[in-house]
Amino acid sequence: MTMIFSNGSGIDNDQLVILMKFESTRIVSDMKEQETTVQTIDMWYTIDSKAYHEEAVVTVISLNTETASSEPEHVKAGDSWTTDETIEITHNEKSRINAEAWEHETEVIESENITTNYNAESVSNVYIGNTSYQSLKIKSQEIGSEEMDYTYRAKTGMPIKTESYENGSLQMIAYFSRLQLD
């Protein structure tokens, strides 16, 4: 991406080139889930004919541990349950200019406990293209949150549609149309 600044920015040709990369790895096992996201940003520009290359790397590690769940073994319409989970997020950032030594920001570790209520509301049909799937509509909402989600699960238990709401307003709909496991 090239950013173009207005005249007089102090950057030669009033241009800055940016390359951003995002990599994410998720590992799920029993009642734990770990996701590591690495964002790298490279910027090239010149000031008074001197070339600069800025680099930044942001690493975020999220460890989610389900500590309690009352989910029934076979969920059916009318069932309700609660889950408790602990989420620990570690945020680390480093940067440098022109390949000098890395400057490390203070590592930040945040932790929170979340309780989520689930209600299996009804059985309905979800249409994806010309195909109809009988599904179970499940509402989930974290205690104290204005956000709520509906997940529609096929008989196999796989989610085939999700809806996300905030303050009662629809924010997103996603359809699951194909599964490929490597």
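Using our numbering, the first residue of the sequence shown is number 294, and each one after it goes up by one.
Built from N, CA and C at the ideal position, the CB exists for glycine as well.
Which of helix, strand or coil DSSP assigns to residue 474:
Here residue 474 scores only 48 on pLDDT, less than 50, and its place in the model is too uncertain to base an answer on.
Does the Cβ-Cβ distance between residue 431 and residue 412 come in under 8 Å?
yes
Please confirm whether residue 410 and residue 378 have their CB atoms less than 8 Å apart.
no
Who are residue 442's beta bridge partners in DSSP?
For residue 442, which the question treats as bridged, DSSP gives the partners 433, 457.
Should residue 339 be labelled buried (16 or more other beta-carbon atoms within 10 Å of its own) or exposed?
exposed
For residue 406, which of helix, strand or coil comes out of DSSP?
strand
Through-space distance from residue 444 to residue 294, alpha-carbon basis
37 Å
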